[in-house]
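Number of protein chains: 4
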Amino acid sequence: MIVVMSPQARQESIEKVKERLEAAGLGVHISTGENRTIIGVLGDKRKVNIQAIEVMDDVEKIVHIEAPFKLANKQFHPEPTVITVGDIQIGGEQLVVMAGPCSVESREQLLETAMIVKAGGAQILRGGAFKPRSSPYSFQGMGEEGLKILAEAREKTGLKIVSEVMDPENLPLLLEYVDILQIGARNMQNFHLLKAVGRTDKPVLLKRGLAATIEEWLMAAEYILNEGNHQVILCERGIRTFETYTRNTLDLSAVPVIKHLSHLPIIVDPSHGTGKWRYVLPMARAAVAAGADGLIVEVHPQPEKALSDGPQSLNPDAYRQMMDEVRNMAAVMGRVI
Amino acid sequence: MIVVMSPQARQESIEKVKERLEAAGLGVHISTGENRTIIGVLGDKRKVNIQAIEVMDDVEKIVHIEAPFKLANKQFHPEPTVITVGDIQIGGEQLVVMAGPCSVESREQLLETAMIVKAGGAQILRGGAFKPRSSPYSFQGMGEEGLKILAEAREKTGLKIVSEVMDPENLPLLLEYVDILQIGARNMQNFHLLKAVGRTDKPVLLKRGLAATIEEWLMAAEYILNEGNHQVILCERGIRTFETYTRNTLDLSAVPVIKHLSHLPIIVDPSHGTGKWRYVLPMARAAVAAGADGLIVEVHPQPEKALSDGPQSLNPDAYRQMMDEVRNMAAVMGRVI
Amino acid sequence: MIVVMSPQARQESIEKVKERLEAAGLGVHISTGENRTIIGVLGDKRKVNIQAIEVMDDVEKIVHIEAPFKLANKQFHPEPTVITVGDIQIGGEQLVVMAGPCSVESREQLLETAMIVKAGGAQILRGGAFKPRSSPYSFQGMGEEGLKILAEAREKTGLKIVSEVMDPENLPLLLEYVDILQIGARNMQNFHLLKAVGRTDKPVLLKRGLAATIEEWLMAAEYILNEGNHQVILCERGIRTFETYTRNTLDLSAVPVIKHLSHLPIIVDPSHGTGKWRYVLPMARAAVAAGADGLIVEVHPQPEKALSDGPQSLNPDAYRQMMDEVRNMAAVMGRVI
Amino acid sequence: MIVVMSPQARQESIEKVKERLEAAGLGVHISTGENRTIIGVLGDKRKVNIQAIEVMDDVEKIVHIEAPFKLANKQFHPEPTVITVGDIQIGGEQLVVMAGPCSVESREQLLETAMIVKAGGAQILRGGAFKPRSSPYSFQGMGEEGLKILAEAREKTGLKIVSEVMDPENLPLLLEYVDILQIGARNMQNFHLLKAVGRTDKPVLLKRGLAATIEEWLMAAEYILNEGNHQVILCERGIRTFETYTRNTLDLSAVPVIKHLSHLPIIVDPSHGTGKWRYVLPMARAAVAAGADGLIVEVHPQPEKALSDGPQSLNPDAYRQMMDEVRNMAAVMGRVI
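Sequence order for the protein chains is D, Z, Y and E. For our numbering, count along the first sequence from 1 and bump the result up by 366. For our numbering, count along the second sequence from 1 and bump the result up by 366. For our numbering, count along the third sequence from 1 and bump the result up by 366. For our numbering, count along the fourth sequence from 1 and bump the result up by 366.
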């Protein structure tokens, strides 16, 4: 951390900053240039309230050198984290595909989708039982009934299941049924929820918030890791920009950036990332080529009857084609599905 | 709503769309141009699953004509909503100022701030007891102890109090103490929480999400209104853009836009909007000039000791100056504090 | 400037960076912490190619401490720049209003508008003769004929005139006619054009680019100042964000930020900033309250017949009302029109 | 096009809109719903000034159905455009790679780079002779001398050359030397320049502006096409968002979107898109997987000595590795380099 003093800073102000930092047990290194003084700070900055330093007289700004995330940081944990779900490994050589409908709508719909998903070669079934919807007038999910149907599909197909938890209150219920807990983009900074899932021993799929920087996203992961749950899978699903031809802007460069900064696995959601099924195939291929550890995509037996996200859902044929293309792409990348 | 068919649409596809809309009890109006056919849809669109129509064969896109928010819509409720908190009226002639520290840090700090806030002329005391922080290593608030201190300050000064509720679980606790429930920006689409506060009879201060469009913000209000609580105060607090000199970009044009679209009152938070105390004064004046119904600002007796948000907190002198300037500005705008 | 070495940096790499900086005549200050070494750099950084340092072995990143703009920087020029155009002063006590149609469309239209503008109290007439339009099928301006009409209006009303220069080639022509040269948002980084207007002695109105940071904007001003023309007026006109209810997001906090960073005057364009005439009035008031030195607004005698930007143009009544409100606002701010 | 009347629209206002549209030779289709009337408009909308309609009494908004770009639109030109440069074909089966330094810095540097580029298998050499730089204190390019060196490199290697034209004034000079004219991101809406290159018979590489929507980008292409030059190659190079770990956010979904909307070829620039050489490899692979027709990347023999863009330049080894990986990726995609 560096404290940048303003050009007119009085010696007295510089001394006060120095004293305060030293009182917190931190080392201090003062450089005086022509225009101004800068103060290098050594030691564990968690000991000091940084925002308070920033307000001291004649301080212009604080510059952070170290990343604020520790547990998610590759620097202190160079080996990639591999998460095991049954006989599936996420973050290793295997390329993992999670597929299924946006929402569980009925037993028939889900079981039919599960068969298609299984036959196509994906390893994990997705399906929402509790749905965050921007309108109170939209379908809000089947609740526990949906979870039961998911569990039945698991039994029938052997697929593992992932579903979203929206609230700490629902967590015990979700824990009974799912193999992976999903935290949705809108809840990426719901800190109560992050802490709650951090106290479980289930893998967590943490979606990037719509306007979250990569640093904020890793800090959200840090909340979960800090509670003792080290099984966090990151999921890039598009960020909000000015472009409107796509629902969001899928930030695929987040994949190599995360691989550079963190040891956590990262998968990509091209369905939410683009919002239109016809763009899911090319972006699924691109995600694999960029180095993602997996994909999560929406599949529906009849997208034109889906209660939510029909426009971005693959029909069975498109899903099969995607799996074929992704398998070829995985091979070039030295990965297996 | 208009269904735009693709240029090559077959007659058969047009017929199917028509049938499906009519089956849902909607009126249909077909216009055939040189390039394509468009289908106007009349009636209550909540009867039909619009995304499913969008996926039908040869449909290119859906264009929405009516705003999706009904209860928040000025069109169906032309009179402005005025919310009463004790003898304060929010959304009427009065200009309301909410001021106080980011977090309740101690009894001394809060009572001292409350005295300053009261003396300066604000009507409502703000202070966080439960704090959403992007880092798990930052101060997370005093919890119920903080609420008790806020209640004591209310008793001593007569100021009403507003504080953030982060979770449905904490809601009963907050309800015991506060006069206005705040929903923070990060929780703007925490739909469980929105529904929960919608079932109370307390006024709700709903902050705009960092990346929320005005429409999504009004839809979040709709969740609260739809549960029966009509006392929603909107709060513009800056959106995320590429600019970094300010913490966020305060979108003051949201004030006249909301006044045009909705009957709900709107206030502005220049502290979070700019992130630096020196910009709070000009932006507070600008907010009043733009037509806001009030302000919420951070004040701390010693910002250089604040446990959170020091850089954007006004010290007592700056707060008093702001109140003087805002009073003058209110007078030109025909409002009183 | 600070060179941040990566945590694993070898001593050899540190030495090489040190040598290269010293070879460029710069002072070097090395701080060694637990995790890494950082190198403070003293002296005129323009002597060294900074991007090349960033690529040296074991360098993680470069952190800039000093702002890259020198001539536009308030630090080295604390007195505000006041620009004189006839008997008008921009950047001083006076609040300057520039008003007129988006485009000069005909002699009648412009002269009529000029009379209205003059009567309402604005000091400067705006009007485009060369128009940048996003579609090649839209009206592209009257060219020199438009400039002649503007000059005639100046003669008839005494108003000074401002008009956009789109190309260095047209500059001599513009110089014959206008009092202030406007650089449009799309040309903010047209560096040839910036240098060309920098070699004239006419005041330049420099609009902020749609996606320009405040720093890039000041660097664009630096191009003009660096050629010897010190009469630069900045103009905030909205930035591009995800919000669509307004054409752009008017970033009014740019006003106090510019006042803090630079000595150059700044005015605000609420017409382009919002894109809808009904939001021009409140945002014009807010701009004045935020501390802007002036406004530029679009006025048309019959907006429903305007060849461009009708939706954001004030009709004569709305313009007069705006001037009344702005005059009141100016009075509170201690300014005169 | 649809004219949406406001809910309270008077019959008289509806009539006036109808008359005006019919007077312009357009067909009109009126639908009256419960809440409001909407007017469908048939025929060539270029005949009417749409913004002027939007300002008519009781008009709420205009909704566009047809895309505003005609010549770039796949709907009217379903066959992909293939552009021939010598024996290279851009937009067909071939995957085209353009590589070279950001700037031509010296004869030695460029010839050395050209040899590396050629040996690695790219077909086209890039290199800036005129450089748009955000700071007036940065290296601005070698000018004509740089072009001569590029031409010499072409002679020696057989590589075709692409270089940026910044100004209509320089165009004749560029035309003497280059095989492809590049329009930089900052000039995407420099309409004089677009028209000028549209009057030549050279292929044009049109980079997407930093804050340009896909529609605006295609409208910029339309300016070139409309002057008679049909050889436009689009280039996605990253858009500006809030994320700062990468220089820009590379919007790879633009590739399939452009393929859906337009017949023009599209290539990707992962160097500017990410700003860091280590992310260029994965994003180059991803671009090919997304369906791009080619790549443009920065290569420098010694990035740590580059006068510009060193941090995002590949050194010779990294370039060779990229070419190997891209070749494998091309094979899976059924393309050849």
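Idealized CB from N, CA, C, for every residue including glycine. Values in this document were obtained by computation on a predicted structure and should not be read as measured data.
Can you tell me which of the options puts its alpha carbon nearest to the alpha carbon of residue i?
| i | options | result |
| --- | --- | --- |
| Leu491 (chain Y) | Y:Phe505, Y:Leu476 and Y:Ser500 | Y:Leu476 |
| His395 (chain Y) | Y:Ala389, Y:Glu385 and Y:Gly406 | Y:Gly406 |
| Gly507 (chain Z) | Z:Glu521, Z:Ala485, Z:Pro677 and Z:Met532 | Z:Met532 |
| Glu471 (chain Y) | Y:Asp567, Y:Glu510, Y:Gly458 and Y:Gln374 | Y:Glu510 |
| Tyr503 (chain E) | Y:Tyr611, Y:Thr615, Y:Leu618 and Y:Ile590 | Y:Ile590 |
| Asn614 (chain Z) | Y:Tyr611, Y:Leu618, Y:Trp583 and Y:Arg613 | Y:Leu618 |
| Trp583 (chain D) | D:Gln377, D:Asn439, D:Asp410 and D:Glu378 | D:Asn439 |
| Leu571 (chain Z) | Z:Lys671, Z:Gly457 and Z:Ala517 | Z:Gly457 |
Anything in chain D within Cβ reach of residue i, meaning under 7 Å, just list it in chain order.
| i | result |
| --- | --- |
| Gly676 (chain Z) | Gln417, Ala418, Glu420 and Val421 |
| Thr607 (chain Y) | Phe608 |
| Lys671 (chain Z) | Ala418 |
| Gln441 (chain Y) | Pro373 |
Would you please state the rounded distance, in angstroms, between the beta carbons of residue i and residue j? I believe it to be under 8 Å.
| i | j | result |
| --- | --- | --- |
| Val425 (chain Z) | Leu387 (chain Z) | With 8 Å as the limit, Val425 (chain Z) and Leu387 (chain Z) do not qualify as a contact, their Cβ atoms being about 11 Å apart. |
| Glu593 (chain Y) | Arg565 (chain Y) | 5 Å |
| Pro622 (chain Y) | Tyr645 (chain Z) | 5 Å |
| Ile368 (chain D) | Val429 (chain D) | 4 Å |
| Gly494 (chain Y) | Cys468 (chain Y) | 6 Å |
| Arg651 (chain E) | Ala653 (chain D) | No, Arg651 (chain E) and Ala653 (chain D) are not in contact; Cβ-Cβ is about 11 Å, not under 8 Å. |
Would a check of beta-carbon distances place residue i closer than 7 Å to chain D?
| i | result |
| --- | --- |
| Leu576 (chain Y) | no |
| Gly641 (chain Y) | no |
| His558 (chain Z) | yes |
| Thr450 (chain E) | no |
| Tyr685 (chain E) | no |
Against chain E, with Cβ distances strictly below 7 Å, would residue i count as a contact?
| i | result |
| --- | --- |
| Ser709 (chain D) | Nothing can be reported for residue 709 (chain D), as the shown portion of chain D is limited to 367 through 703. |
| His395 (chain Z) | yes |
| Leu616 (chain D) | yes |
| Tyr589 (chain D) | no |
| Pro373 (chain Z) | yes |
Does residue i have its Cβ less than 7 Å from a Cβ in chain Z?
| i | result |
| --- | --- |
| Asn694 (chain D) | no |
| Val698 (chain Y) | yes |
| Glu582 (chain D) | yes |
Quick check: residue i and residue j, are their CB atoms within less than 7 Å of each other?
| i | j | result |
| --- | --- | --- |
| Gly393 (chain D) | Leu408 (chain D) | yes |
| Ala550 (chain Z) | Lys573 (chain Z) | As written in the sequence, residue 550 (chain Z) is Gly, which differs from the Ala given in the question. In this structure, Lys573 (chain Z) lies closer than 7 Å to Gly550 (chain Z) by Cβ. |
| Leu680 (chain Z) | Val665 (chain Z) | yes |
| Leu630 (chain D) | Leu600 (chain D) | yes |
| Ile632 (chain E) | Asp659 (chain E) | yes |
| Gln417 (chain D) | Ile454 (chain D) | no |
| Ser500 (chain E) | Met585 (chain Y) | yes |
Taking residue i as the query, report the chain Y residues whose CB atoms sit under 7 Å from its CB, ordered along the chain.
| i | result |
| --- | --- |
| Glu510 (chain D) | Neighbours of Glu510 (chain D) on chain Y: none; closest Cβ ~36 Å, over 7 Å. |
| Asn401 (chain D) | Glu432 |
| Glu535 (chain E) | Pro534 and Glu535 |
| Gly712 (chain Z) | A question about residue 712 (chain Z) goes unanswered here, because the residues of chain Z that appear run from 367 up to 703. |
Determine the chain E residues that contact residue i at a beta-carbon separation under 8 Å, and present them in chain order.
| i | result |
| --- | --- |
| Ile404 (chain Z) | Ile368, Gly406 and Ile431 |
If the cut is a Cβ gap below 8 Å, which residues of chain D does residue i touch?
| i | result |
| --- | --- |
| Met585 (chain Z) | Ser500, Ser501 and Pro502 |
| Asn553 (chain Z) | Asn556 |
Would you please verify whether the beta carbon of residue i is less than 7 Å from any beta carbon of chain Y?
| i | result |
| --- | --- |
| Gly391 (chain D) | no |
| Arg492 (chain E) | no |
| Arg412 (chain E) | yes |
Taking residue i as the query, report the chain Y residues whose CB atoms sit under 9 Å from its CB, ordered along the chain.
| i | result |
| --- | --- |
| Asn592 (chain E) | Pro502 and Tyr503 |
Run down chain E in chain order and give the residues with a C-beta less than 9 Å from the C-beta of residue i.
| i | result |
| --- | --- |
| Met532 (chain Y) | Asn556, Phe557 and His558 |
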